[in-house]
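Numbering (the working numbering), first residue to last: 1288 to 1826.
Using N, Cα and C, we set each Cβ at its ideal position, and we do this for glycine too.
In structure tokens, the structure reads:
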């Protein structure tokens, strides 16, 4: 028979041990909170960095203000979008080639707005960049002198701003198609957390900036502008990609090999111009010419200068981009006055299927392919691999026709057909500006045809059409600035306890406290039970 006194002693020791351990954990919590709070109060990475990036597109200019902590993560900054200004000029800067000073007010307006965002103490150290895309690429190729005068006006404006503009040639220039493509890729993967670091998206993420997260397979990026389109992704086997189609990046300590290509003249606006020119020629210049990609009851006029004299219509860029020139007659280039003054009436018929038939002719999928596999026009392109973000005009078009972010191929075509069937009067009743609404039938058809030419089918259609992620604009500008932080010297390393580590330790210490409280409660309950049992035994 067990000795009651011995059992009572063991129980008493157990309860004392529980209470003691519980109190020790409580003391650990108290000391830990004091220590980490003191260390966290010392947290300092120096002053935050700021940068301004103008996206000087072919149809308009925008500007973003980016901010990042003074320290980097494995050499790359962790950016947030502090402000975004969508209207820094109603037209693309290439449209001001004849009157370059007229582009300056739009740029100045956005620069003035940025001074309200960047702290006064940081303004003079904040670099400002302007990168021009396909519109200026075309102008530079066709008329270098006018391109130079445009950039002279741009640089004068940036030079007179209070922001840092020390290396004028590098801080205001033409962005290559390759860099535009991989910068969009960086943006998409950074914001969707595929680069192994938590992006700064909101106040919660801000508290955990730079916190490592598990790496995930990267996303591909599909970008569609007014004068060019880009495709960028990590192929299944990057080693098979020829060097001229390859981009190598190092971000947050990891190396990436990408396939990237920019199709100049294959932007949405230039493709629509080409389609209209083809329709007019195919109709033998009849008036009006029917356009299945325009709404029924919509009649409009285009002139010869718009159709035949654009860089993507005639000249070396037309030959390089489309493989052919489009002119009203073989000798038309010698009749400049006639080309300028001719006018053509176009009548919309709103036929989605016919629009698709005509739009598909823009892609030569049977062209000779010197470095297979090819997508169209003989351009090397690996088979689509992985998931993709479709940005810019892809996403705006999908939104405009009422499609969903994760629309399938059949969803896209169904939404396109429904939209193309609307009359001009029905379009007037829809939200958005009319100048956009009248283009969505063609653009939705063009998006479908372009994706088909790239090789996207039901089996590999893993696309999301996004304009933003957590309120941050998807485009090349954020990725461009993020890549630049790799080249910005780090003045000092962080001192003190980082927000991420502080948060993790706080959770650990709270768990210690909770466990300690539970142990003290159990110990007290055990002691109380033993005391009651002792009284019962003595009776």
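Between the segment 1471-1485 and the segment 1538-1552, the count of C-beta pairs closer than 8 Å reaches three or more; the two stretches touch.
Membership of residue 1474 in the alpha helix (DSSP H) is indicated by the continuous run 1464-1478. Under the three-state reduction of DSSP output, residue 1661 falls in the strand class. Proximity to residue 1466 across 1740, 1583, 1764 peaks at 1764, based on C-alpha coordinates. Per the C-alpha coordinates, the member of 1525, 1516, 1510, 1540 positioned closest to residue 1502 is 1540. Our two residues, residue 1607 and residue 1335, have alpha carbons roughly 44 Å apart in a direct line.
Here residue 1690 carries a coil assignment [DSSP, helix/strand/coil].
Residue 1741 carries a helical assignment under DSSP once its states are collapsed to helix, strand and coil. In the structure shown, residue 1481 adopts coil according to DSSP, grouped into three states. Cβ contact annotation for residue 1567 (same chain, cutoff 6 Å, sequence separation greater than five): 1576, 1631, in chain order.
About 6 Å separates the beta carbons of residue 1734 and residue 1681, which is inside the 8 Å limit, making them a contact pair. Taking 3 residues as the shortest admissible run, the segment 1744-1770 contains the following complete beta strand (DSSP E) segments, listed from N- to C-terminal end: 1750-1752.
Per DSSP, the continuous beta strand (DSSP E) segment holding residue 1676 begins and ends at 1675-1677. Residue 1578: member of the beta strand (DSSP E) spanning 1576-1578, first to last residue. Contact check between the segment 1420-1429 and the segment 1584-1601: three or more CB pairs, one atom from each, fall below 8 Å, which counts as touching.
When the beta-carbon positions are compared, residue 1752 and residue 1694 come within less than 8 Å of each other.
The Cβ-Cβ distance between residue 1317 and residue 1807 does not fall below 8 Å. When secondary structure is reduced to three states using DSSP, residue 1350 falls in the strand class. For residue 1394, the enclosing alpha helix (DSSP H) starts and ends at 1391-1401. Beta-bridge annotation (DSSP): residue 1548 is paired with 1518. Residue 1528 sits in coil when the DSSP states are folded into three classes, being neither helix nor strand.
The C-alpha of residue 1683 lies about 14 Å from the C-alpha of residue 1373. When rounded, the separation of the alpha-carbon atoms in residue 1594 and residue 1513 is 15 Å. When DSSP states are grouped into helix, strand and coil, residue 1680 belongs to the helix group. From the listed residues 1730, 1718, 1678, the smallest Cα separation to residue 1642 is found for 1730. Residue 1316 is bridged by DSSP to nothing; it lacks a bridge partner.
For residue 1718, the three-state secondary structure derived from DSSP is coil. The beta-carbon separation of residue 1312 and residue 1800, rounded to 7 Å, stays under the 8 Å limit for a contact. In the structure shown, the three-state DSSP call for residue 1535 is strand. Comparing alpha-carbon positions, the option among 1637, 1506, 1552 lying closest to residue 1712 turns out to be 1637.
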